[in-house]
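Be aware that the sequence shown starts at 104, since it is given in our numbering, and climbs by one per residue. All C-beta atoms, glycine included, are put in the ideal place defined by N, C-alpha and C. All remarks here apply to the structure that follows.
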Amino acid sequence: MTARPTFADITDQLAAQEIELPSWAFGNSGTRFKVFGTPGTPRDPFEKIADAAKVHELTGLAPQVALHIPWDLCDFDDLAAHAAGLGVRLGTVNSNTFQDDDYKFGALTHEDDRIRAKAIDAHLECIDVMDRTGSRDLKIWLAEGSNYPGQADMRGRQDRLHDSLSQIYDRLGEEQRMVLEYKFFEPSFYHTDVPDWGTSYTQVAALGDKALVCLDTGHHAPGTNIEFIVMQLLRLGKLGSFDFNSRFYADDDLMVGTADPFQLFRIIHEVIRGDGLNSPDIAFMLDQCHNVENKIEGQIRSVLNVQEMTARALLIDTEALTEAQRAGDVITANDIFMDAFYTDVRGDLADWRVSRGLPADPIRAFRESGYQEQIAADRVGGAQAGWGA
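The following block contains the structure:
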């Protein structure tokens with residue numbers, strides 16, 4: 104008989120865990136109908152970094168912050184120094200080709216060579232930012248497709264996408280990478296140019312080793328076995344990054360683990376099974392819109408949820424599970440899996456945080472710190488950051 108792992112057995116792996124925060128999650132966001140402003144919302148990238156640093160200070164989990172261009176345009180030397188002074192660093196650079204009238208019918212897939220060149224140049228400018236910040240990854244999500252049958256030449260768009268991505272790929276530095284995100288639908292409803300992991304994989308595989316797939320947990324059809332996709336991309340060596348969030352219906356961008364914590368547990372299990380946990384080759388990032396909750400608290404809750412499900416997944420007795428799987432013992436295999444999922448690790452995690460000089464309850468510590476009241480008082484005037492609606 105094997106011994107099931109104890110919490111003490113997994114603390115080294117938990118201590119190495121890093122989750123990247125999205126700068127834009129600290130700004131205002133909302134629905135198609137309304138974006139709600141809140142006191143203390145950042146007005147520039149420097150204030151976004153300060154809020155992200157507060158999350159890391161209280162959790163020890165989030166030392167890196169992703170940027171979104173052009174939302175975060177600024178003096179990047181100053182921003183990197185500002186981040187370092189607060190104990191965090193700049194990370195993934197995300198491109199934006201979905202808020203320009205020229206891109207109404209596509210950007211990297213557009214029929215018009217002038218517009219397509221403009222979109223390519225926007226990505227090359229993102230790589231220029233990466234050169235300044237020391238960022239490794241350029242993440243591309245494309246809001247491109249069509250709404251009606253016959254509206255667009257789907258095959259031609261795939262050909263143009265490959266050509267555009269090839270030009271961007273050729274500009275990458277030796278240590279830089281491209282990660283191509285996919286999304287089932289929205290804002291296009293008949294077809295999306297990169298709707299699934301297979302399309303993303305096909306495109307990046309044609310480019311080379313520095314092109315990989317980004318998996319957003321909210322970008323799938325209902326009922327999709329996301330952990331199967333995680334397994335397959337790890338098996339193929341093409342999983343470059345995650346965008347963690349949670350959903351009930353579509354791309355809800357809710358706090359990760361809130362709608363279906365069991366799904367998050369299953370995904371993390373496959374990450375561990377595929378040697379992806381704490382791998383330098385896979386970026387674990389949040390991508391969320393905190394529409395009604397406090398933005399800093401929402402980020403704290405999310406990283407803690409990822410940490411908790413990671414701890415539970417590490418407690419699976421993998422040797423016993425393998426034995427049961429090989430024996431065809433369905434009930435025992437499922438029992439082993441579920442025993443780990445139902446293990447309450449919250450007390451152990453709280454005690455472990457205290458042993459590392461962190462607050463047992465980071466959200467409570469945030470509320471008692473006075474930080475929210477301080478930024479609400481200080482950040483008066485100017486335009487709050489947000490994507491608008």
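Thinking just about the alpha-carbon of each residue, which of the options is nearest to the one in residue i?
i	options	result
Trp174	Pro145, Ala106, Arg263	Pro145
Ile271	Lys313, Gln335, Tyr206, Ala362	Lys313
Arg415	Ser382, Ile375, Ala430, Glu426	Ile375
Thr254	Thr295, Gly489, Ser458	Note that residue 254 corresponds to Gln in the displayed sequence, not to Thr. With distances taken between Cα atoms, Gln254 lies closest to Thr295.
Ser472	Asp356, Glu160, His185	Glu160
Asp438	Gly450, Ala246, Arg449, Thr425	Thr425
Ile385	Glu422, Arg429, Ile370, Leu337	Leu337
Asp442	Thr200, Thr421, Trp455	Thr421
Gly311	His322, Phe287, Asp464, Gly340	Gly340
Ser267	Ile152, Ser291, Ala309	Ala309
Thr114	Leu283, Thr413, Tyr445	Thr413
Trp490	Glu247, Val158, Thr200	Thr200
Glu71	Asp224, Phe287, Leu227	With the chain covering only 104 through 492, there is no way to say anything about residue 71.
Phe368	Phe331, Pro383, Met281, Asp356	Phe331
Asp203	Ala225, Asp447, Ser291, Phe469	Ala225
Pro108	Val448, Glu228, Val191	Val448
Phe440	Ala362, Ile371, Gly450, Gln120	Ile371
Tyr445	Pro364, Arg429, Val282, Arg258	Pro364
Ile230	Gly301, Gln279, His323, Glu150	Gln279
Kindly list the residues whose CB is nearer than 6 Å to the CB of residue i, restricted to its own chain and excluding five residues on each side of it in sequence; keep chain order.
i	result
Pro125	Ala169, Leu389, Asp390
Arg263	Thr212
Asp299	Tyr285
Ile466	Glu400, Ile403
Val297	Leu245, Tyr285, Ser303
Ala183	Leu193, Thr236
Val457	Ala463
Gln167	Glu123, Arg192, Gly194
Ala118	none
How would you call residue i, buried or exposed, if buried means at least 16 neighbouring beta carbons within 10 angstroms?
i	result
Ile434	exposed
Ser132	buried
Tyr285	buried
Ala492	At Ala492, the pLDDT of 43 sits below 50, so the modelled position is not reliable and the matter cannot be decided from this model.
Pro148	buried
Ala111	exposed
Cys177	exposed
Ser344	buried
Gly485	exposed
Tyr304	buried
Ala187	exposed
Gly163	buried
Met358	buried
Gly130	buried
Glu373	buried
Leu241	buried
Asn250	exposed
Glu411	buried
Asp181	exposed
Thr236	buried
Ala222	buried
Gln366	buried
Arg350	buried
Gly321	buried
Glu277	exposed
Asn328	exposed
Ser198	buried
Ala488	buried
Ala427	buried
Ala165	buried
Asp346	buried
Would you please state the rounded distance, in angstroms, between the beta carbons of residue i and residue j? I believe it to be under 8 Å.
i	j	result
Ala128	His393	6 Å
Glu396	Asp354	Actually they are not in contact, since the Cβ atoms of Glu396 and Asp354 sit about 17 Å apart, beyond 8 Å.
Gly360	Val406	Not confirmed; about 10 Å, so no contact.
Leu318	Val307	Their Cβ separation, rounded to whole angstroms, is 12 Å, which puts Leu318 and Val307 out of contact at 8 Å.
Leu315	Leu342	7 Å
Glu121	Phe387	7 Å
Spatial neighbours of residue i within its chain, please: CB distance less than 8 Å, with the 5 preceding and 5 following residues excluded, ordered by chain position.
i	result
Ile218	Asp205, Tyr206, Gly209, Ala210
Ala220	none
Val232	Leu170, Ile172, Phe179, Val196, Ser238
Ala453	Ala463, Asp464
Cutting at 7 Å between CB atoms, please list the residues of its own chain near residue i, excluding the five before and the five after it.
i	result
Gln116	Leu380, Asn381, Leu417
Gly143	Gln475, Ile478, Ala479, Arg482
Ala153	Leu189
Phe292	Asn250
His265	Gln306, Ala309
Met257	His294
Practice task
Scan the stretch 112–179 and note each continuous beta strand (DSSP E) run of 3 residues or more that stays entirely inside, going in chain order.
Solution key: Complete beta strand (DSSP E) runs here, min 3: 123–125, 167–171.
Problem - Inside the stretch 351–406 only - alpha helix (DSSP H) runs reaching at least 4 residues - result: Fully enclosed alpha helix (DSSP H) runs of 4 or longer: 364–376.
Practice task
Write down every uninterrupted run of the alpha helix (DSSP H) in the stretch 287–341 whose length is 4 residues or greater and which is fully enclosed by it, in chain order.
Solution key: If one requires a minimum length of 4 residues, the alpha helix (DSSP H) runs lying completely within the stretch 287–341 are 300–308, 329–339, in chain order.
Exercise for the section: Would you list, in sequence order, the uninterrupted alpha helix (DSSP H) runs of no fewer than 4 residues that lie entirely inside the stretch 185–255? Expected result: If we require 4 residues or more, the alpha helix (DSSP H) runs fully inside the stretch 185–255 come out as 216–236.
Exercise for the section: Enumerate, from N- to C-terminal direction, the unbroken alpha helix (DSSP H) stretches of 4 or more residues contained entirely within the stretch 395–462. Expected result: Fully enclosed alpha helix (DSSP H) runs of 4 or longer: 398–417, 421–430, 433–444, 449–458.
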